[in-house]
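All letters in the sequence shown, in the order written, are residues 9 to 258 by our numbering.
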Amino acid sequence: SGCGSDQQGSNQDDLNTSKWLWQEMNRGVEEAINIDTIYPGVTVMGIDLGGKTKEEAADLIKDQVNDEILNHQVTLKHADKKWTFTFEELGVSADAKEIAERAFKIGRDGEFQDRIELITSLQTERQEAQLDTSFDVEKLTLVLEGLKEEIVSDPVDASITRKDGKFVITPEVNGVELDLDKTKADIQQVLQSGEDGKEIQLLVKESKPEITEELLSNIKDLIGSGVTYYSTYNADREQNLIVGASKLNG
Numbered sequence: 009s010g011c012g013s014d015q016q017g018s019n020q021d022d023l024n025t026s027k028w029l030w031q032e033m034n035r036g037v038e039e040a041i042n043i044d045t046i047y048p049g050v051t052v053m054g055i056d057l058g059g060k061t062k063e064e065a066a067d068l069i070k071d072q073v074n075d076e077i078l079n080h081q082v083t084l085k086h087a088d089k090k091w092t093f094t095f096e097e098l099g100v101s102a103d104a105k106e107i108a109e110r111a112f113k114i115g116r117d118g119e120f121q122d123r124i125e126l127i128t129s130l131q132t133e134r135q136e137a138q139l140d141t142s143f144d145v146e147k148l149t150l151v152l153e154g155l156k157e158e159i160v161s162d163p164v165d166a167s168i169t170r171k172d173g174k175f176v177i178t179p180e181v182n183g184v185e186l187d188l189d190k191t192k193a194d195i196q197q198v199l200q201s202g203e204d205g206k207e208i209q210l211l212v213k214e215s216k217p218e219i220t221e222e223l224l225s226n227i228k229d230l231i232g233s234g235v236t237y238y239s240t241y242n243a244d245r246e247q248n249l250i251v252g253a254s255k256l257n258g
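Right, here's the structure in full:
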């Protein structure tokens with residue numbers, strides 16, 4: 009019986025040792041997965057952020073986003089004029105802290121065993137954290153509004169005068185308007201593609217004047233004429249004639 013008792017004690021010791029080893033192993037695994045840095049194998053824009061804190065990762069992401077996205081350039085063209093802007097100046101932005109937070113959360117959700125499997129798989133299969141950019145359409149609109157002064161021109165009516173007994177018509181001039189909606193759509197498409205160095209033709213449309221050469225060409229006859237005389241000593245009469253004459257053309 010003494011021998012059997014010794015055997016039972018030995019078995020109990022082995023059980024306790026195994027239990028202790030299992031607890032220590034679990035404790036070690038928990039410590040390994042509950043680190044305060046991003047897991048190795050998590051990337052953003054190809055950069056491995058493994059071992060980086062969220063703050064360190066945000067700094068790296070910000071530099072990379074600036075180089076790869078925000079500092080990309082677009083050239084806007086109209087006639088012989090060109091203007092070059094960065095993506096950031098046209099309204100593109102990215103929240104580096106939010107992206108870093110997203111990278112940090114990879115491998116931290118779900119059941120314990122599932123997390124272990126994912127973290128282990130990162131050693132051979134890297135996982136890219138989602139990179140989202142946002143777009144401020146108001147910022148782009150302000151840029152285009154600032155260019156309108158160099159692009160837009162008002163239409164000029166045709167005019168008619170009488171010289172040497174004949175009517176002389178000066179043709180109208182069409183105005184130019186910037187088609188903001190279509191231009192913004194073209195620019196946003198390039199910004200979404202991320203293509204650097206792209207040139208975009210600004211889209212314009214003509215604005216027609218109210219009085220055209222065709223309209224004035226219907227005038228064939230002089231309806232009437234008149235002559236009046238006045239003295240500059242009569243200030244009121246002079247002002248009335250000035251105002252009246254300003255309404256006439258011909």
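Glycine is no exception: its CB is placed at the ideal position from the N, C-alpha and C atoms.
The C-beta separation of residue 100 from residue 141 comes to about 6 Å, placing the pair in contact by the 8 Å criterion. A straight-line Cα-Cα distance of about 52 Å links residue 163 and residue 66.
With fewer than 16 other beta carbons inside 10 angstroms of its own, residue 176 counts as exposed.
With a cut-off of 8 Å on Cβ pairs, the region 83-100 is in contact with the region 200-214, counting three or more such pairs.
Rounded to whole angstroms, the gap between the alpha carbons of residue 118 and residue 128 is 15 Å. For residue 74, the closest C-alpha among the options 92, 104, 57, 58 is that of 104. About 6 Å separates the beta carbons of residue 151 and residue 93, which is inside the 8 Å limit, making them a contact pair. Non-local C-beta neighbours of residue 47 in its own chain, meaning closer than 7 Å and more than five positions away in sequence, comprise 58, 114, 115, 127, 130, ordered along the chain.
Counting along the chain, the unbroken beta strand (DSSP E) around residue 208 starts and ends at 206-209.
Nearest to residue 202 by alpha-carbon distance, out of 170, 98, 64, 90, is 98.
Residue range 89-94 is occupied by the beta strand (DSSP E) that includes residue 93, with no alpha helix (DSSP H) assigned at that position. Residue 52 counts as buried, since no fewer than 16 other beta carbons sit within 10 angstroms of its beta carbon.
Under DSSP, the beta-bridge partners assigned to residue 86 are 89.
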